[in-house]
Amino acid sequence: MAISSAKTVPALLEDKAALGDHLAIVDGEVTIGYADLHHRVRSVARAYLAQGIVPGDRIGLWAPNRYEFILAMLGAQYVGIAVVPLNTRYTGHEAAEILARSRASGLVLADGFLGKSYSDALRSAAAERGDEGASMPGLPHLRAVVTLDGSSEAHLIAWADFLAVGAEVDEQAVTEAAAAVRPDDIMDVLFTSGTTGVPKGVLTAHRQTLAVSRAWALGAELVADDRYAIVNPFFHGFGYKAGMISALMAGATIYPLAVFDADVLLELIQRARISVLPGVPTIFTSLLDHPRLAEYDLSSLRFSIAGATAAPATLFHDMVNILGFKTVAQAYGLTECVVATMSRYGESLEHAAQTTGPAVEGMEIRVVDENGEDAGIDSDGEILLRGDSVMLGYFEDQESTDAVIDSDGWFHTGDVGQLDEHGCLKVTDRLKDMYIVGGFNVYPAEIENVLRKHPAVNESAVIGVEDARLGTVGRAYVLLLQNAEPRPDAAELEEFCRRHLANFKVPREYILVSDFPRNAPGKILKSELRAQA
Numbered sequence: 001m002a003i004s005s006a007k008t009v010p011a012l013l014e015d016k017a018a019l020g021d022h023l024a025i026v027d028g029e030v031t032i033g034y035a036d037l038h039h040r041v042r043s044v045a046r047a048y049l050a051q052g053i054v055p056g057d058r059i060g061l062w063a064p065n066r067y068e069f070i071l072a073m074l075g076a077q078y079v080g081i082a083v084v085p086l087n088t089r090y091t092g093h094e095a096a097e098i099l100a101r102s103r104a105s106g107l108v109l110a111d112g113f114l115g116k117s118y119s120d121a122l123r124s125a126a127a128e129r130g131d132e133g134a135s136m137p138g139l140p141h142l143r144a145v146v147t148l149d150g151s152s153e154a155h156l157i158a159w160a161d162f163l164a165v166g167a168e169v170d171e172q173a174v175t176e177a178a179a180a181v182r183p184d185d186i187m188d189v190l191f192t193s194g195t196t197g198v199p200k201g202v203l204t205a206h207r208q209t210l211a212v213s214r215a216w217a218l219g220a221e222l223v224a225d226d227r228y229a230i231v232n233p234f235f236h237g238f239g240y241k242a243g244m245i246s247a248l249m250a251g252a253t254i255y256p257l258a259v260f261d262a263d264v265l266l267e268l269i270q271r272a273r274i275s276v277l278p279g280v281p282t283i284f285t286s287l288l289d290h291p292r293l294a295e296y297d298l299s300s301l302r303f304s305i306a307g308a309t310a311a312p313a314t315l316f317h318d319m320v321n322i323l324g325f326k327t328v329a330q331a332y333g334l335t336e337c338v339v340a341t342m343s344r345y346g347e348s349l350e351h352a353a354q355t356t357g358p359a360v361e362g363m364e365i366r367v368v369d370e371n372g373e374d375a376g377i378d379s380d381g382e383i384l385l386r387g388d389s390v391m392l393g394y395f396e397d398q399e400s401t402d403a404v405i406d407s408d409g410w411f412h413t414g415d416v417g418q419l420d421e422h423g424c425l426k427v428t429d430r431l432k433d434m435y436i437v438g439g440f441n442v443y444p445a446e447i448e449n450v451l452r453k454h455p456a457v458n459e460s461a462v463i464g465v466e467d468a469r470l471g472t473v474g475r476a477y478v479l480l481l482q483n484a485e486p487r488p489d490a491a492e493l494e495e496f497c498r499r500h501l502a503n504f505k506v507p508r509e510y511i512l513v514s515d516f517p518r519n520a521p522g523k524i525l526k527s528e529l530r531a532q533a
């Protein structure tokens with residue numbers, strides 16, 4: 001069966017239900033075929049309706065990658081309820097803020113993930129906002145809080161009880177609600193990671209999310225026989241739209257992983273014959289660094305994208321020559337447009353490592369200078385995007401929307417990049433990360449890519465710190481490979497950089513670290529490094 005052309009979630013699931021018993025999800029001992037997935041999603045949709053959560057409402061979803069997350073998300077979207085995914089690393093206060101701002105009518109959460117009670121954390125934080133609210137004092141819009149773990153108590157509805165009450169709702173009500181869902185209806189509200197300021201809710205319609213997922217599925221050449229291990233969090237666009245929904249568009253089988261563990265992942269690849277495994281570079285450097293890597297059969301691996309942060313050429317070669325991937329590609333996107341570019345079919349490894357590919361179908365891309373003029377081939381400028389997959393805007397924030405989408409419909413990403421002669425994009429850095437040393441612009445990504453070429457370096461993060469003479473100088477935080485011998489010191493790292501970079505780009509300081517502060521998708525939180533500095 002070909003990749004679906006559906007423009008709404010109900011149309012997608014009805015289309016793929018024709019695959020019958022072909023596996024849609026494998027989560028430990030739980031296996032769900034495509035026909036069964038359609039049936040289960042309808043049951044979840046009935047459960048939302050039974051709680052008085054109706055089309056046009058929003059529900060929060062606060063859980064790691066597990067099969068119930070997929071059911072909870074699709075069940076809402078099936079009847080026109082938008083989903084607001086919450087980062088599993090949020091504190092109770094952060095979750096309460098987003099639930100309040102989005103006025104979510106329901107919340108599905110996983111209690112006890114990584115030893116944390118989300119419901120207790122949320123209840124304590126929400127109570128500080130006031131005493132209104134039946135399900136959760138302080139959150140008056142919240143009609144129902146469903147827990148995937150535990151029993152119904154203290155204003156929590158157990159998942160099993162939630163479904164049982166839903167069984168009392170007439171099937172016809174779900175059928176009618178699903179038939180009323182339109183491509184332009186809001187499908188999700190993804191709040192930005194907040195690494196640089198207050199999170200903003202990104203509004204995306206069904207047609208947009210499914211178009212993004214279709215573009216990714218086509219670029220990855222996904223087919224129903226693919227077995228897709230999803231380590232990237234479902235609450236993030238990488239794991240959700242380029243992961244879960246893309247797999248469903250192709251009829252592939254999803255293997256969700258709640259946390260990244262190199263041993264568990266290697267065993268899964270070997271046992272399940274995983275063929276598709278995207279992720280942030282850290283995942284692959286960790287696999288490459290595994291002391292027993294040679295003991296595992298990884299011959300099933302077919303396709304990967306090492307995305308969400310800089311991916312140097314050395315990593316791509318190692319992924320092909322050591323891990324055994326047949327194809328390693330890059331893509332570029334952000335919450336406001338999850339998939340904007342993607343490596344071309346048959347792209348050389350060298351070029352794929354250097355660029356994120358051309359704009360995907362339905363998207364336009366420009367790189368402009370400080371005057372808003374096209375920067376020209378191989379010249380740095382701000383990346384602008386335009387097309388059907390760009391967000392509708394920020395939730396109830398027209399001022400912020402107008403600040404990034406101009407009158408011609410171009411979305412100003414705040415990222416710096418270059419277009420080569422093939423129209424392929426090379427992302428240089430975030431505008432916010434650029435710093436000036438003695439009047440010269442310095443882009444940290446360039447330095448980080450150089451450091452990654454050092455045989456002992458796993459990852460690095462470069463920031464600008466104040467300097468009395470030059471205004472700003474570079475500071476490099478460096479994570480070495482576990483088995484690196486000999487282990488370089490700061491002087492050696494500086495000498496290495498001097499061999500590859502102009503003098504003003506060479507960091508002044510080098511700090512060896514055991515790990516970095518990260519957000520859940522794996523991105524290094526440079527905001528925290530700056531705060532420490």
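Using full-length UniProt numbering, read the sequence shown as starting at 1 and increasing by one per residue. Every residue, glycine too, gets a C-beta built ideally from N, C-alpha and C.
Run through the DSSP bridge pairs and tell me what residue i is partnered with.
i: Val-437; result: Phe-440
i: residue 534; result: This structure leaves residue 534 out entirely; the chain is present only between 1 and 533.
i: Val-84; result: Gly-60
i: Ala-476; result: Val-462 and Tyr-510
i: Thr-341; result: Tyr-332 and Ala-359
i: Tyr-228; result: Ile-254 and Val-276
i: Asp-27; result: Val-30
i: Ile-524; result: Arg-518
i: Arg-366; result: Leu-384
i: Thr-327; result: Phe-303
In the structure shown, what three-state DSSP assignment does residue i receive?
i: Thr-192; result: coil
i: residue 534; result: This structure cannot speak to residue 534, because the chain is shown only from 1 to 533.
i: Ile-254; result: strand
i: Leu-419; result: strand
i: Ser-102; result: helix
i: Ala-306; result: strand
i: His-412; result: strand
i: Ser-460; result: strand
i: Lys-7; result: coil
i: Lys-116; result: strand
i: Asp-263; result: helix
i: Gly-197; result: Only weak support is given to the placement of Gly-197: the predicted model assigns it a pLDDT of 46, under 50, and the value that follows is read from those uncertain coordinates. Note: Gly-197 maps to coil in three-state DSSP.
i: Ile-447; result: helix
i: Leu-470; result: coil
If you draw a straight line from the C-alpha of residue i to the C-alpha of residue j, how long is it?
i: Leu-293; j: Leu-266; result: 8 Å
i: Ile-230; j: Gly-28; result: 13 Å
i: Thr-195; j: Leu-525; result: Its pLDDT being 35, under 50, Thr-195 is placed unreliably in this model, and the coordinates cannot settle the point.
i: Phe-162; j: Tyr-296; result: 41 Å
i: Asp-380; j: Asp-369; result: 7 Å
i: Tyr-67; j: Met-342; result: 28 Å
i: Gln-208; j: Leu-277; result: 24 Å
i: Ile-269; j: Gln-77; result: 31 Å
i: Ser-348; j: Ile-377; result: 20 Å
i: Val-108; j: Leu-142; result: 11 Å
i: Tyr-48; j: Leu-384; result: 39 Å
i: Arg-129; j: Leu-481; result: 46 Å
i: Ser-304; j: Val-264; result: 18 Å
i: Glu-448; j: Met-434; result: 13 Å
i: Thr-91; j: Arg-518; result: 15 Å
i: Arg-42; j: Val-338; result: 27 Å
i: Val-416; j: Ile-81; result: 36 Å
i: Phe-284; j: Ala-127; result: 42 Å
i: Asn-441; j: Pro-281; result: 26 Å
Q: Spell out a yes or no on whether the segment 120–132 and the segment 223–241 are touching, meaning 3 or more CB-CB pairs, one atom from each, closer than 8 Å.
A: no
**Q.** the segment 497–508 / the segment 467–478 touching (three or more Cβ pairs under 8 Å)
**A.** yes
Q) Any contact of the segment 408–423 with the segment 230–248, i.e. 3+ C-beta pairs under 8 Å? A) no
Q. Quick one: complete beta strand (DSSP E) runs, 3+ long, within the segment 129–153?
A. 144–147
Q: Indicate whether the contact test is met: 3 or more Cβ pairs, each with one atom in the segment 58–72 and one in the segment 169–185, closer than 8 Å.
A: no
Q) Okay, do the segment 353–364 and the segment 391–404 touch, 3+ Cβ pairs below 8 Å being the bar? A) no
Q) If we count Cβ pairs, one from each stretch, closer than 8 Å, do we get three or more for the segment 3–22 versus the segment 246–253? A) Yes: the two stretches touch, three or more of their Cβ pairs being nearer than 8 Å.
(Q) If contact is defined by three or more beta carbon pairs under 8 Å, each pair taking one atom from either stretch, is the segment 449–461 in contact with the segment 493–507? (A) yes
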